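Chains as they are written, first to last, in full-length UniProt numbering: chain A, 1 to 155; chain B, 1 to 155. Ideal Cβ placement from N, Cα and C applies to all residues, glycine included. These numbers were taken from a predicted model, which means no experiment stands behind them. Structure first, then comments.
2 protein chains.
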Amino acid sequence: MSDEEKKTRLRLREFLPYRLSVLSNTVSRGIANLYDREFGLTIWQWRVMAVTGDAPGISATEIGQRTAMDKVAVSRAIAGLIEVGHIERKTSESDGRRSELFLTKAGQDIYEMIVPIALDAERKLMETLSSDEQDQLNRLMQKLAASASPDRPLW
Amino acid sequence: MSDEEKKTRLRLREFLPYRLSVLSNTVSRGIANLYDREFGLTIWQWRVMAVTGDAPGISATEIGQRTAMDKVAVSRAIAGLIEVGHIERKTSESDGRRSELFLTKAGQDIYEMIVPIALDAERKLMETLSSDEQDQLNRLMQKLAASASPDRPLW
DNA sequence: GTCAATTAGTTACATATGAAACTAATAAAG
DNA sequence: CTTTATTAGTTTCATATGTAACTAATTGAC
Numbered sequence: 001m002s003d004e005e006k007k008t009r010l011r012l013r014e015f016l017p018y019r020l021s022v023l024s025n026t027v028s029r030g031i032a033n034l035y036d037r038e039f040g041l042t043i044w045q046w047r048v049m050a051v052t053g054d055a056p057g058i059s060a061t062e063i064g065q066r067t068a069m070d071k072v073a074v075s076r077a078i079a080g081l082i083e084v085g086h087i088e089r090k091t092s093e094s095d096g097r098r099s100e101l102f103l104t105k106a107g108q109d110i111y112e113m114i115v116p117i118a119l120d121a122e123r124k125l126m127e128t129l130s131s132d133e134q135d136q137l138n139r140l141m142q143k144l145a146a147s148a149s150p151d152r153p154l155w
Numbered sequence: 001m002s003d004e005e006k007k008t009r010l011r012l013r014e015f016l017p018y019r020l021s022v023l024s025n026t027v028s029r030g031i032a033n034l035y036d037r038e039f040g041l042t043i044w045q046w047r048v049m050a051v052t053g054d055a056p057g058i059s060a061t062e063i064g065q066r067t068a069m070d071k072v073a074v075s076r077a078i079a080g081l082i083e084v085g086h087i088e089r090k091t092s093e094s095d096g097r098r099s100e101l102f103l104t105k106a107g108q109d110i111y112e113m114i115v116p117i118a119l120d121a122e123r124k125l126m127e128t129l130s131s132d133e134q135d136q137l138n139r140l141m142q143k144l145a146a147s148a149s150p151d152r153p154l155w
């Protein structure tokens, strides 16, 4: 068999973009179920709560940047969270377009319940990896993320 | 700061499920654009073509298993591919419910054009990794996939 | 054989998502 | 100032997606 012929074979199960997608979807589905079941939150709502808890007073635009969500998704997640009373919005004094977001007391309580559960799920996911392997994973993901960055189009 | 307090902090950017999701979406978006731009295919249509090219005569159900797609997505992808003439369907002789799928000549031609392009995109994505790192990546992804398997619920 | 249960695949419906248009506020140019 | 351009965020609309209901064919129990 010639080299060209060999290279022309594509096995989906060994194809990195496919494997990444399947792995990510499996993990996301599990976590999404967890958040929804336990707290009635979507993944996007949880992401918004996570960064709002970490940086109170953050704006919707900034949330979008920190969470890799587009502004429509952010807007909808915020609307839902306000409706159920987990976050509140104050219009910025200095800029009337901007609103500043904060967890309410109820939101804080939920936040503090989810964080350990989420970290625990992550720990369980990684527990089959040795500490060295966890470091490797970190490094590899950073490299791949840089490699796939839309600033540096591969395709 | 107590241990409990330290553990309670969750930084989204360092949270594996989040990082996986962002990486996978970045890669998928790039590849989806490529397939669509060059060949007018969705990712799902491409997955169906990939396995049909690799295993002619495969059924829709089997495609679902090999591609981690649900049967509705498979059905729709097939419908689209038949419509544009990339695949054809023959009802199984032995089982009238089952249909067997094949690339048409046109489908074959496209398949043979895409495969090297897809492999090349994968190569570019991984080219920042040394050969050792590529092996590590393989191993780590296998372990994570096993760890996240829905058969072994973590959450 | 006949009837209930299973399987392959499609269709219908309800929800999720993203692009583009829109509103309101601020900034920048003259 | 006033008018033009930009920015923050929301709404609209068209498409994508998943669940559940459905159709058609096969298998299994009797």
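Any Cβ of chain A within less than 7 Å of the Cβ of B:A145?
True, the Cβ-Cβ gap to chain A drops below 7 Å.
How about A:A77 and A:V48: do their beta carbons lie closer than 7 Å?
Against a cut-off of 7 Å, the Cβ pair of A:V48 and A:A77 comes out as a contact.
Taking beta-carbon pairs under 7 Å, can you tell me which members of the region 116-139 of chain B lie near chain A?
Flagged, chain order: P116, A118, L119, A121, E122, K124, L125, M126, T128, L129, E133, Q136 and L137.
For B:R66, return the contacting residues in chain A, with the cut-off set at a CB-CB distance below 7 Å.
Ordered by position in chain A, the residues that pass the 7 Å Cβ test against B:R66 are L12.
Three-state secondary structure (DSSP) at A:R97?
Three-state DSSP puts A:R97 in coil, outside helix and strand.
When DSSP labels each residue in this structure, what does B:R139 get in the three-state scheme?
Helix, per DSSP.
How would you call A:M113, buried or exposed, if buried means at least 16 neighbouring beta carbons within 10 angstroms?
That one is exposed.
Anyone know if the C-beta pair for A:E88 and A:T104 falls short of 7 Å?
A contact, by the Cβ cut-off of 7 Å.
Is there contact here, the region 20-37 of chain B with the region 59-74 of chain B, by at least three beta-carbon pairs under 8 Å?
Flag = no, the region 20-37 of chain B and the region 59-74 of chain B do not touch.
For the alpha helix (DSSP H) containing A:E112, list its first residue and its last residue.
Element bounds for A:E112: K105 to M126.
Which residues in the same chain as A:W44 place their Cβ atom closer than 7 Å to its Cβ, once the five residues preceding and following it in sequence are excluded?
Correct list, in chain order: M69, A73 and A77.
Thinking C-beta only, is B:G107 closer than 7 Å to residue 164 of chain B?
With chain B running from 1 to 155 in the structure shown, residue 164 of chain B is simply not present.
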